[in-house]
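Student: Next up is a structure, given as structure tokens.
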Amino acid sequence: MTYVLFSELRIEAGLNNMFLSSSLLLAQVSLMITSHIFRSSTMCTVLGVVTHFMWLWMFSWSFLCSYHMFQVFTSSTRRTSSQQDVFMVWKKILFSLTCPSVIILTTVVGSYLASAGKEIGYGRFRCYLNSILLVGLTLVWPLSLVTLTNVVLFTVAVNKSHSVRKLQTIFKKNERDNESHIYAMISSVTLAFWTVTIVACALGNDILRLISVVLNGLQGLAIFVSFICNKRVLLLYKQTRCFKREAKTEEIRVEPIHSN
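Residue numbers (the numbering used here): 94 to 353.
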């Protein structure tokens, strides 16, 4: 909502954050819905596919956000055209949709062939993937790869930012360092969440389930604190509030003139 209110934030990095936050929200909602449905059905299978897609979509945007920050630090030239920014955003959207689709299509085709047409890998025992093996191969492995890549990009970007002088203020450097760290942290928390969740399901451990719930909530909290509770956003809200107050004061001053 904050990024919708303030056009100043809707630059390429801001749009990346909007898609990352939206994909995480949709992934969380779909996971909560599927966790309350235990009966195997066509709807259950569809929800399983949707939930899997939403989490993979979120992983894709996590990588794209980190890659964008890597480009900011390492690129010797900058795009100045807004048309180029729009084109890049559409390319990222296409990429973010293609990767999850390929993984899900591979899961469906592989499961269908392996079971001689009896199942497609979703909705057999619960409204998600049918086995821990599938979860590991099509969810945890991609997430591990994304997390490792994000950490590497973060490390290289930070080292590059310290070794090459750029035409930007120290504040902006620190801000971008912080954003790169945030993307790496979110990926790590997400990886920890799914690892603990899988172990909890395999062992039937309630304590691990509780830990996974806490880790799940930390993802959204990290995004909120990092991208909303900062000086720039608070200043924008403050300026908006002051503008409204000045406009209201001006209306009060004008009213007596009209009444006379």
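The beta carbon of each residue, even a glycine, is placed where N, CA and C say it ideally should be.
Predicted, not measured: the structure shown is a model, and the values here were computed from it.
Suppose you measure from the CA of Cys137 to the CA of Arg302; what does that come to, to the nearest Å?
Tutor: As a position in the sequence shown, residue 137 is number 44, starting the count at 1. As a position in the sequence shown, residue 302 is number 209, starting the count at 1. Between Cys137 and Arg302, the C-alpha separation is close to 22 Å.
Student: Please tell me whether Trp148 and Ala120 are closer than 8 Å, where the distance is taken between their beta carbons.
Tutor: Residue 148 sits at position 55 when you count from the first residue of the sequence shown. Residue 120 sits at position 27 when you count from the first residue of the sequence shown. Closer than 8 Å, so yes.
Student: Could you give the first and the last residue of the continuous alpha helix (DSSP H) run that contains Cys220?
Tutor: Here residue 220 refers to the residue found at position 127 when the sequence shown is read from its first residue. No alpha helix (DSSP H) contains Cys220, which DSSP labels as neither H nor E.
Student: Looking at Ser189: is its Cβ nearer than 8 Å to the Cβ of Leu157?
Tutor: Sequence index remark: in the sequence shown, residue 189 carries index 96 (1-based). Sequence index remark: in the sequence shown, residue 157 carries index 64 (1-based). Yes, the pair counts as a contact, with Cβ atoms nearer than the cut-off.
Student: Quick test of the definition: if touching needs 3 or more C-beta pairs under 8 Å, does the region 222–238 touch the region 178–186?
Tutor: With the cut-off at 8 Å, the region 222–238 and the region 178–186 do not touch.
Student: Kindly indicate the opening and closing residues of the alpha helix (DSSP H) around Val142.
Tutor: In the sequence shown, residue 142 corresponds to position 49, counting from 1. 135–167 is the span of the alpha helix (DSSP H), which, as asked, contains Val142.
Student: Which value, in whole angstroms, describes the spacing of the CA atoms of Gly199 and Phe166?
Tutor: Taking the sequence shown and counting its residues from 1, the one referred to as residue 199 is at position 106. Taking the sequence shown and counting its residues from 1, the one referred to as residue 166 is at position 73. Residue identity check: residue 199 is Thr in the sequence provided, not Gly. C-alpha separation (whole angstroms): 35 Å.
Student: Assuming contact is defined by CB atoms lying nearer than 8 Å, are Ala250 and Phe163 in contact in what I supplied?
Tutor: As a position in the sequence shown, residue 250 is number 157, starting the count at 1. As a position in the sequence shown, residue 163 is number 70, starting the count at 1. Against a cut-off of 8 Å, the Cβ pair of Phe163 and Ala250 comes out as a contact.
Student: Give me the Cα-Cα distance between Val289 and Ser204, rounded to the nearest whole angstrom.
Tutor: Translated into positions along the sequence shown, residue 289 becomes position 196. Translated into positions along the sequence shown, residue 204 becomes position 111. Approximately 25 Å between the Cα atoms of the pair.
Student: Can you list, in chain order, the residues of its chain whose CB lies under 7 Å from that of Thr127, leaving out five sequence neighbours each side?
Tutor: If you number the sequence shown from 1, residue 127 lands on position 34. Closer than 7 Å at the Cβ level, and outside the excluded window around Thr127, lie Leu140, Gly141, Thr144, Cys220, Tyr221.
Student: For Ser159 versus Phe247, is the C-beta distance shorter than 8 Å?
Tutor: Numbered from 1 along the sequence shown, position 66 holds the residue referred to as residue 159. Numbered from 1 along the sequence shown, position 154 holds the residue referred to as residue 247. In this structure, Phe247 lies closer than 8 Å to Ser159 by Cβ.
Student: For Ser123, name the three-state secondary structure that DSSP assigns.
Tutor: On the sequence shown, position 30 is the one that residue 123 refers to. In the structure shown, Ser123 sits in a helix (DSSP, three-state: H, G or I).
Student: Can you give the Cα-Cα distance for Asp299 and Thr333, rounded to whole angstroms?
Tutor: The residue you call residue 299 lines up with position 206 of the sequence shown. The residue you call residue 333 lines up with position 240 of the sequence shown. Between Asp299 and Thr333, the C-alpha separation is close to 47 Å.
Student: Less than 8 Å between the C-beta atoms of Pro235 and Ile196, yes or no?
Tutor: One-based indexing of the sequence shown puts residue 235 at position 142. One-based indexing of the sequence shown puts residue 196 at position 103. Their beta carbons are under 8 Å apart, which means Pro235 touches Ile196 by this criterion.
Student: Measure the alpha-carbon distance for Leu124 versus Leu117 and round it to whole angstroms.
Tutor: In the sequence shown, residue 124 corresponds to position 31, counting from 1. In the sequence shown, residue 117 corresponds to position 24, counting from 1. Approximately 10 Å between the Cα atoms of the pair.
Student: If you draw a straight line from the C-alpha of Ala106 to the C-alpha of Phe112, how long is it?
Tutor: In the sequence shown, counting from the first residue as 1, residue 106 sits at position 13. In the sequence shown, counting from the first residue as 1, residue 112 sits at position 19. Whole-angstrom Cα-Cα distance: 10 Å.
Student: In this structure, how does DSSP classify Phe317 when only helix, strand and coil are distinguished?
Tutor: Taking the sequence shown and counting its residues from 1, one reaches residue 317 at position 224. In this structure, Phe317 counts as helix in the three-state DSSP scheme.
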